[in-house]
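Residue numbering for the sequence shown follows the numbering used here, beginning at 127 and increasing consecutively.
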Amino acid sequence: MAAASAMKTTDWDKRIHRAVELAERYPSAAEILAFYRHILEFQKTLFADVACLSLPAAGGKAAFREQLDLDIAVQQLPALLSLVQRTGPAKLAQEAAEIGRASSEQKREILRSFLLSTDGNGPESTHFFARVLFQPQAEHLAVAQNAQSVDSSASVCPVCAARPQVAVLRPEGDGGKRFLVCSFCSTEWEFRRILCPVCGEVDHQKLSRYSAEDFAAVRVEACDTCKYYLKSVDMTVDGLAVPLGDEIATASLDIWAVEHGFSKVSPNLMGF
Ligand SMILES: [Zn+2]
Ligand SMILES: [Zn+2]
127 MAAASAMKTT DWDKRIHRAV ELAERYPSAA EILAFYRHIL EFQKTLFADV ACLSLPAAGG
187 KAAFREQLDL DIAVQQLPAL LSLVQRTGPA KLAQEAAEIG RASSEQKREI LRSFLLSTDG
247 NGPESTHFFA RVLFQPQAEH LAVAQNAQSV DSSASVCPVC AARPQVAVLR PEGDGGKRFL
307 VCSFCSTEWE FRRILCPVCG EVDHQKLSRY SAEDFAAVRV EACDTCKYYL KSVDMTVDGL
367 AVPLGDEIAT ASLDIWAVEH GFSKVSPNLM GF
């Protein structure tokens, strides 16, 4: 448990480092990646704070989100609001200012409603603040509970039931094994290569793959049956990729997919 937590702290550094690298590589995404980096640095400190807390034992009966600590998130909200007002995009900075003016009861309610929602990946922008605040706790809790058997056919996260953010191909034998990465607790679970995580389509002719020259390791995996898509990051092409960060850096692929009539399985933290 202690070793796992230590490993995850390094994970935050890896993500921060990658965000800096990708900002240099893709000037068109530099602004959003600079903001993402600020958010990661903030989340890293939150993670360090929660990593030393003792958590409910694995296999508890309560739903995953009910085990997250609302009080901690409420305490950390003012620091996040001020960070977003200083470094965030205009629209989000304005929302941060509005939330800052709300009563403490209302602030608490914003965060509480996220924990009560079955799908926290909905489009409501206030979810941004809740996701940032609860994610480090969720990752910590997921590490503690990840010993559970992972069902490779599950279309939502086997640990917290959130939707996948991105697919990853990891080197395995001659090819790559496909995993889905949770949009909330970042758990990875193995998933069949030719299978739509939304509608279960298995006909490869209906599961199209689109790539762009600029992004050798990232592509759009779209389903012609349900019209949903998610992106995949191929670690056999770029072994230094950090799936969550590379996913954010390739927003132009999202714009392309949406223009072609597809909806994303789950918007990322930056709202794409
Ligand atoms: Zn999860
Ligand atoms: Zn589908």
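Each residue gets a CB set at the ideal place from its N, CA and C atoms; glycine is no exception. No experiment lies behind these values; they were computed from the predicted model shown.
For Gln291, the enclosing beta strand (DSSP E) begins and ends at 290-298. Here Glu316 carries a strand assignment [DSSP, helix/strand/coil]. Straight across, the Cα-Cα distance linking Cys178 with Gly387 is about 45 Å. With fewer than 16 other Cβ atoms from the protein chains shown falling within 10 Å of its own Cβ, Pro153 counts as exposed. If you look at Tyr355, you'll find it in the beta strand (DSSP E) that goes 354-360. DSSP lists no bridge partner for Lys217.
When DSSP states are grouped into helix, strand and coil, Leu166 belongs to the helix group. The continuous stretches of beta strand (DSSP E) do not include Val384, which lies in the alpha helix (DSSP H) extending over residues 377-385.
Looking at Ala256, Thr136, Glu265, Ala174, the one whose alpha-carbon comes closest to that of Leu207 is Ala256. Counting along the chain, no alpha helix (DSSP H) covers Leu333; the unbroken beta strand (DSSP E) around it starts and ends at 333-337. Rounded to whole angstroms, the separation of the alpha carbons of Tyr162 and Gln169 is 10 Å. Taking a C-beta distance under 7 Å as the contact criterion, Lys217 and Val368 do not qualify as a contact pair. The bridge partners DSSP lists for Cys349 are Leu333. Rounded to the nearest whole angstrom, the C-alpha separation of Ser309 and Cys325 is 18 Å. Within the same chain, Leu295, Gly302, Ala343 come within 7 Å of Asp360 by CB-CB distance, once the 5 residues on both sides are set aside.
Assigned with DSSP and collapsed to three states, Val324 falls in coil, not helix or strand.
Rounded to the nearest whole angstrom, the C-alpha separation of Glu167 and Cys349 is 35 Å. Bridge pairing for Phe305: Val294, Glu316 [DSSP]. The C-beta distance from Ala288 to Cys322 rounds to 18 Å, too long to fall under 8 Å, and the pair is not in contact. Taking C-beta atoms as the reference points, Ala293 and Ala155 fail to come closer than 7 Å. Around the beta-carbon of Pro204, fewer than 16 other beta-carbon atoms lie within 10 Å, marking it exposed.
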